[in-house]
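Trainee:
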Amino acid sequence: MKLRELLAKVPSISLANNHPALETEIKGLATNSHACQIGDLFLGMPGTRVDGGEFWESAIVNGAVAALVSQQAAQKYQAKDECVIPVADMIQTCPEVATAFYDYPGQKMKMVGITGTNGKTTTTHLVEFLLNNAQLPTALFGTLYSRWPGFEETAAYTTPFPVELQKQLAQAVAAGSKYGVMEVSSHSLHQKRVWGCSFEVAVFTNLTQDHLDYHKDMDDYFEAKALLFSSDYLKGRAIVNADDPYGKKLIARMKPEQVWSYSTSNTSADFWASDLEYQPTGVKGILHTPQGEIPFTLPLVGQYNLSNMLAAVGTALHLGLDLAMVVTHLSEFPGVPGRMEKVQVSNEQDVSVIVDYAHTPDSLENLLKAARPFIPGRMICVFGCGGDRDR
Numbered sequence: 024m025k026l027r028e029l030l031a032k033v034p035s036i037s038l039a040n041n042h043p044a045l046e047t048e049i050k051g052l053a054t055n056s057h058a059c060q061i062g063d064l065f066l067g068m069p070g071t072r073v074d075g076g077e078f079w080e081s082a083i084v085n086g087a088v089a090a091l092v093s094q095q096a097a098q099k100y101q102a103k104d105e106c107v108i109p110v111a112d113m114i115q116t117c118p119e120v121a122t123a124f125y126d127y128p129g130q131k132m133k134m135v136g137i138t139g140t141n142g143k144t145t146t147t148h149l150v151e152f153l154l155n156n157a158q159l160p161t162a163l164f165g166t167l168y169s170r171w172p173g174f175e176e177t178a179a180y181t182t183p184f185p186v187e188l189q190k191q192l193a194q195a196v197a198a199g200s201k202y203g204v205m206e207v208s209s210h211s212l213h214q215k216r217v218w219g220c221s222f223e224v225a226v227f228t229n230l231t232q233d234h235l236d237y238h239k240d241m242d243d244y245f246e247a248k249a250l251l252f253s254s255d256y257l258k259g260r261a262i263v264n265a266d267d268p269y270g271k272k273l274i275a276r277m278k279p280e281q282v283w284s285y286s287t288s289n290t291s292a293d294f295w296a297s298d299l300e301y302q303p304t305g306v307k308g309i310l311h312t313p314q315g316e317i318p319f320t321l322p323l324v325g326q327y328n329l330s331n332m333l334a335a336v337g338t339a340l341h342l343g344l345d346l347a348m349v350v351t352h353l354s355e356f357p358g359v360p361g362r363m364e365k366v367q368v369s370n371e372q373d374v375s376v377i378v379d380y381a382h383t384p385d386s387l388e389n390l391l392k393a394a395r396p397f398i399p400g401r402m403i404c405v406f407g408c409g410g411d412r413d414r
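Numbering (this note's numbering), first residue to last: 24 to 414.
1. Distance, Cα to Cα, LEU353 vs LEU45?
2. Please say whether LEU344 and ALA157 have beta carbons closer to each other than 8 angstroms?
3. Rounded to the nearest angstrom, how far is the Cβ of LEU273 from that of PHE227, given a contact under 8 angstroms?
4. Return yes when the Cβ of GLY142 is within less than 8 angstroms of the Cβ of TYR301, no when it is not.
5. Please classify ILE108 as buried or exposed, where buried requires at least 16 other C-beta atoms within 10 Å of its C-beta.
6. Are the Cβ atoms of ASN264 and TYR244 separated by less than 8 angstroms?
7. If distances are taken between C-alpha atoms only, which option among ASP298, PHE152, LYS50 comes closest to TYR202?
8. According to DSSP, is LEU38 part of a helix, a strand, or is it coil?
9. LEU257 and VAL217 look like a contact to me (Cβ under 8 angstroms); what is the Cβ gap, rounded to whole Å?
10. Are the beta-carbon atoms belonging to ASP298 and GLY337 less than 8 angstroms from one another?
11. Who are the near neighbours of GLY86 in its chain, counting only those whose CB is closer than 8 angstroms to its CB and skipping five residues on each side?
12. Taking only runs that begin and end inside the segment 38-86, name each unbroken beta strand (DSSP E) of 3 or more residues, in chain order.
13. Quick one: is CYS106 buried, meaning 16 or more other Cβ sit within 10 Å of its Cβ, or exposed?
14. Which residue spans inside the segment 240-273 form an unbroken alpha helix (DSSP H) run of at least 4?
15. From LEU29 to THR54, what distance separates their C-alpha atoms?
16. If you drop the 5 nearest sequence neighbours on each side, which residues of the same chain put their C-beta closer than 8 angstroms to that of LEU391?
17. Would DSSP call GLU151 helix, strand or coil?
18. Give me, in chain order, the residues of the same chain whose beta-carbon lies closer than 6 angstroms to that of VAL120; leave out the 5 immediate sequence neighbours on both sides.
19. How would you label PRO172, buried or exposed, when you count the other beta carbons within 10 angstroms and need 16 or more for buried?
20. Inspect the beta-carbon positions of THR166 and THR144 and report whether they are closer than 8 angstroms.
21. Can THR177 and VAL207 be called in contact, C-beta distance under 8 angstroms?
22. Taking the alpha-carbon of ALA96 as reference, which of LYS131, LEU66, VAL88 has the nearest alpha-carbon?
23. Which of the three DSSP states is assigned to GLU176 in this structure?
24. Grouping DSSP H, G and I as helix and E and B as strand, with all else coil, what is PHE319?
25. Please name the residue, chosen from ASN289, MET363, GLU316, that lies closest to VAL324 on a Cα-to-Cα basis.
26. I want to check one thing, is the minimum distance from the CB of ARG27 to the heavy atoms of the ligand MN below 7 angstroms?
27. Name the DSSP beta bridge partners of LYS25, please?
28. State the CB to CB distance for the pair PRO43 and MET113, rounded to an integer number of angstroms; the pair is presumed to be in contact (CB under 8 angstroms).
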């Protein structure tokens, strides 16, 4: 695709020159000037400390055909003969360029976006598992990895940045994926990383204290999460946790026909559970849905995983899966690496070891509550606290 053709598809850019580079074929996109190759278009992204657009000259030297940069970067380092195009809002322009270059892959799969402080990873894996077992080729994008049929790669971020995300979506489509299940972080929504993706289902798991080093307060954090449920992204149904105060707030904003609610106990929710038996190996009970009630067995421990299951079931039913088949496959779910994962230790030691990603006050409390009933003796918790987090 020629640069002129590409930029003509970008709403936030209005070309005002006829630089010869506009007739050049663009072979790739790059946001790192050092990673630019011959034929690339450089996208200079503003950072927290430095404006990446200031490195456009390095990008051109390394082979970039042209550079899109902020107006400030263009004024600070004025181009002579190079094709440097100033843009009013690079945060908006970057995903617009990426989606156009990769031919809108986020609209070629049925997309499921899952957001919330806790539960995103387990819920995405549950949905992926149910879809794949229904013989529906599914791509997963999340905290642990991005994967689809024939491919798996460790993830650097919960939600990739626009260029990498659109590239991965395009690869998943090319590999035959019909569905995409994505963890959508508050950062990615605030930074418009998922712009250009149309979600058939958007799930809200919960909202508890986290990322207040980035968001100014809990209300700001919530509003970032709530962006996923706006018409810019959601084209189908919302699946929302009615046990969570912010979930209730989100439900109140939406039209009843747009949302399915779920609860671990509230009988007025669309999805809920009764006759619960919490065991060391999982949870048993009766699942209540708009399509009827049915016994279930979930091989995951704790009430919070019951909540994750309800979100996954709601998603599966909206996508057209059969309830009985969904419940059958739930009982076969293998779990998620690093999520209430039992680690084998020496048989000579009377010790059980569990590894879990819990790192927020809410998730750590839920983990300990889930484990305590099945540990008759002493329970030791070792946890870490990353720097730059809210306190």
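The C-beta atom is built at its ideal place from N, Cα and C for all residues, glycine as well.
Since the model is a prediction, treat every value here as computed from it, not as a measurement.
Mentor: Once the coordinates are examined:
1. To locate residue 353, count along the sequence shown from 1; it is residue 330. To locate residue 45, count along the sequence shown from 1; it is residue 22. When rounded, the distance between both Cα atoms is 53 angstroms.
2. Residue 157 sits at position 134 when you count from the first residue of the sequence shown. Residue 344 sits at position 321 when you count from the first residue of the sequence shown. Going by C-beta atoms, ALA157 is nearer than 8 angstroms to LEU344.
3. In the sequence shown, counting from the first residue as 1, residue 273 sits at position 250. In the sequence shown, counting from the first residue as 1, residue 227 sits at position 204. With a Cβ gap of about 6 angstroms, LEU273 and PHE227 count as contacting.
4. In the sequence shown, the residue the question calls residue 301 occupies position 278. In the sequence shown, the residue the question calls residue 142 occupies position 119. No.
5. Translated into positions along the sequence shown, residue 108 becomes position 85. The residue is buried, with at least 16 neighbouring Cβ atoms inside 10 Å.
6. For the purposes of this step, residue 264 is identified with residue 241 of the sequence shown, where counting begins at 1. For the purposes of this step, residue 244 is identified with residue 221 of the sequence shown, where counting begins at 1. Against a cut-off of 8 angstroms, the Cβ pair of TYR244 and ASN264 comes out as no contact.
7. Taking the first residue of the sequence shown as 1, we reach residue 202 at position 179. Here the closest residue by C-alpha is PHE152.
8. Working through the sequence shown from its first residue, we reach residue 38 at position 15. In this structure, LEU38 counts as coil in the three-state DSSP scheme.
9. The residue labelled residue 257 in the question sits at position 234 within the sequence shown. The residue labelled residue 217 in the question sits at position 194 within the sequence shown. Wrong, their Cβ atoms sit about 11 angstroms apart, outside the cutoff.
10. For this step, residue 298 is matched to residue 275 along the sequence shown. For this step, residue 337 is matched to residue 314 along the sequence shown. For ASP298 and GLY337, no; Cβs fall outside 8 angstroms.
11. Position 63 of the sequence shown, counting from 1, holds the residue named residue 86. Only CYS59, GLN60, ILE61, GLY62, ASP63 meet the Cβ criterion.
12. 51-53, 63-66
13. Residue numbering aside, residue 106 sits at position 83 when the sequence shown is read from its first letter. With 16 or more other Cβ atoms within 10 Å, it is buried.
14. 241-249
15. Along the sequence shown, read from residue 1 onward, the residue named residue 29 stands at position 6. Along the sequence shown, read from residue 1 onward, the residue named residue 54 stands at position 31. Roughly 17 angstroms separates the two Cα atoms.
16. As a working mapping, residue 391 is identified with position 368 in the sequence shown. Excluding positions up to five away in sequence, the list reads MET402, CYS404.
17. Here residue 151 is taken as the residue at index 128 of the sequence shown, counted from 1. Helix, per DSSP.
18. Position 97 of the sequence shown, counted from the start, is the residue given in the question as residue 120. These residues qualify, in order along the chain: VAL33.
19. Here the question's residue 172 lines up with position 149 in the sequence shown. Its Cβ having fewer than 16 others within 10 Å, PRO172 is exposed.
20. For the purposes of this step, residue 166 is identified with residue 143 of the sequence shown, where counting begins at 1. For the purposes of this step, residue 144 is identified with residue 121 of the sequence shown, where counting begins at 1. Yes. Within cutoff.
21. Here the question's residue 177 lines up with position 154 in the sequence shown. Here the question's residue 207 lines up with position 184 in the sequence shown. It is not a contact, given that the beta carbons lie outside the stated cut-off.
22. Position 73 of the sequence shown, counted from the start, is the residue given in the question as residue 96. Selected option, being the one with the closest Cα: LEU66.
23. Counting from 1 along the sequence shown, the entry for residue 176 is found at position 153. If DSSP states are grouped into helix, strand and coil, GLU176 belongs with the strands.
24. Taking the first residue of the sequence shown as 1, we reach residue 319 at position 296. PHE319 carries a strand assignment under DSSP once its states are collapsed to helix, strand and coil.
25. Stepping through the sequence shown from its first residue, residue 324 is reached at position 301. Looking at the Cα atoms, MET363 is the closest of the given residues.
26. In the structure on display, the ligand MN does not appear, and there are no ligands present to speak of.
27. Translated into positions along the sequence shown, residue 25 becomes position 2. LYS25 is bridged to GLU48.
28. Stepping through the sequence shown from its first residue, residue 43 is reached at position 20. Stepping through the sequence shown from its first residue, residue 113 is reached at position 90. Actually they do not touch by this definition, with Cβ atoms about 24 angstroms apart.
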